[in-house]
Amino acid sequence: MSRGRKLDDPIELARLVPPGELEELVQAIHKALGCWVAIHDPSGRRLAGPASAGAPCRTLEHEGERLGQLAASGPQAELALGLVTDTLGLLVHHAHARELAAATHEEAMRVTFGELTEHNQRLQRAVSRLEELDRLKSNFLATMSHELRTPLTSVIGYAEMMAEGLAGPVSTEQRDYLTTILGKADQLLGLITAVLDVSSLETGHLSLDRSALSLADVVASEVATFQPQAGRRGISIQLDQSGESVVVGDRKKIRQIVSSLLSNAVKFTPDHGRVGVEVRQGPLAPGAEVVAAGAVQLVVRDSGIGISRDQVAKIFEPFFQVDSSSTRAFGGTGLGLTLAKAYVEAHGGRIWVDTTPGQGSTFVATFPMRQDEAP
Ligand SMILES: Nc1ncnc2c1ncn2[C@@H]1O[C@H](COP(=O)(O)OP(=O)(O)O)[C@@H](O)[C@H]1O
Ligand SMILES: [Mg+2]
10 MSRGRKLDDP IELARLVPPG ELEELVQAIH KALGCWVAIH DPSGRRLAGP
60 ASAGAPCRTL EHEGERLGQL AASGPQAELA LGLVTDTLGL LVHHAHAREL
110 AAATHEEAMR VTFGELTEHN QRLQRAVSRL EELDRLKSNF LATMSHELRT
160 PLTSVIGYAE MMAEGLAGPV STEQRDYLTT ILGKADQLLG LITAVLDVSS
210 LETGHLSLDR SALSLADVVA SEVATFQPQA GRRGISIQLD QSGESVVVGD
260 RKKIRQIVSS LLSNAVKFTP DHGRVGVEVR QGPLAPGAEV VAAGAVQLVV
310 RDSGIGISRD QVAKIFEPFF QVDSSSTRAF GGTGLGLTLA KAYVEAHGGR
360 IWVDTTPGQG STFVATFPMR QDEAP
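The opening position of the sequence shown corresponds to residue 10 in my numbering, with each subsequent residue numbered one higher.
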């Protein structure tokens, strides 16, 4: 951008060779040969040398273009004209080559700069659009959360009141129906909550309400909750606990992690299968040393259907289910493990699975040990 020349600018003597250099050339010739040479531009304007050199008598050319005219007077005028012509030819050739290189470079910069500017503007527009969409999505979710939960809360409230007989006596059959209504409404509320939890994860709004708690206690209470439904299908849940299990974490979220893993273990295990739950100390991540990264581990084993190698990587993704027909067969949304993973990681832990199709799965979730418990 220095000189602002374009590639197709005409070749001009006055531009390519500074007047000072032309004058020096004329003086040098005068000194050497004793004659005067004058240099004119194509229109006849004198650029260097004295008027006494006379009228122009020779044309200067470069690459087929008229560059200027020369005049000479005195002894050896012919020789002087030849020398000046050759010298100017060389000077113009080099100056023009330099100018072309600069102009080419400048042109390239201009193109690149233009492309960058355009690219930038496109990006800027895309970012604004995304921000707008993100805002719309957040608004939409907040509104939906309210709009879906409010009527559902009423459905649950009125169904509970009826079940309690507040609207008059309830027959056994009516009570059964009400129980079903309440169960399904609860399920729907769980689904809405899970979807909202996942979307708040996506917007990065995950905060933990931390306190010191015994993982073993949380696990024992969740196992007790699942025992009856497992028992009805002939599945026994075995609970083992060894060592200290105090971690610092969010009780509600940890309970949700345990509940997700347990519900999957029971759900994907055929009748009369086995589910084992263990709370123990071990490494924070698979393959890590216990001492280097002490953690409390929650291990949930089942003798269920297992997960094939190519599906394992996907089960922690939102809405993923190995067999989408399982939504109908087993219920669920494919959000349980997504939330469990996010919650475990928010606590500084890890979650992974060891599984063999047809034999069963072992899920391990780890939580960093409380500082004063760490070995
Ligand atoms: N213990 C398990 N045994 C076999 N498959 C499992 C197990 N846990 C999870 N999966 C697979 O991972 C998928 C995702 O699990 P999850 O996120 O809890 O969703 P959901 O339970 O709602 O289907 C399940 O649909 C199932 O295909
Ligand atoms: Mg699940």
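Glycine is no exception: its CB is placed at the ideal position from the N, C-alpha and C atoms.
In the three-state reduction of the DSSP assignment, Thr-68 falls in the strand class, which pools E and B. Judged by the Cβ position, Gly-313 fails to qualify as a neighbour of ligand 2 at the 6 Å threshold, every heavy atom of the ligand being at least this far. In this chain, Asp-332 is not harboured by any beta strand (DSSP E), its DSSP state being neither H nor E.
DSSP places Leu-344 outside both helix and strand once states are collapsed to three, so it counts as coil.
In the structure shown, Ala-81 falls within a strand segment according to DSSP collapsed to helix, strand and coil. Not one heavy atom of ligand 2 sits closer than 6 Å to the Cβ of Gly-199. Between ligand 1 and the CB of Asn-273, the shortest heavy atom gap is smaller than 6 Å.
Excluding residues up to 5 positions away in sequence, Val-227 lie with their Cβ nearer than 6 Å to the Cβ of Ile-263 in the same chain. A residue is called buried once 16 or more other Cβ atoms fall within 10 Å of its Cβ, and Glu-87, having fewer, is exposed. Taking all protein chains in view, the Cβ of Glu-287 is crowded by 16 or more other Cβ atoms within 10 Å, so the residue is classified as buried.
Taking the CA atoms as reference points, Phe-329 sits about 19 Å from Glu-354.
Judged by DSSP in its simplified three-state form, His-281 adopts coil rather than helix or strand. Beta-bridge partners assigned by DSSP to Val-373: Val-308 and Trp-361.
The three-state secondary structure of Glu-124, taken from DSSP, is helix. In the displayed model, Pro-160 falls within a helix according to three-state DSSP. The C-beta distance from Gly-258 to Leu-222 rounds to 6 Å, short enough to fall under 8 Å. Leu-56 sits in a strand when the DSSP states are folded into three classes.
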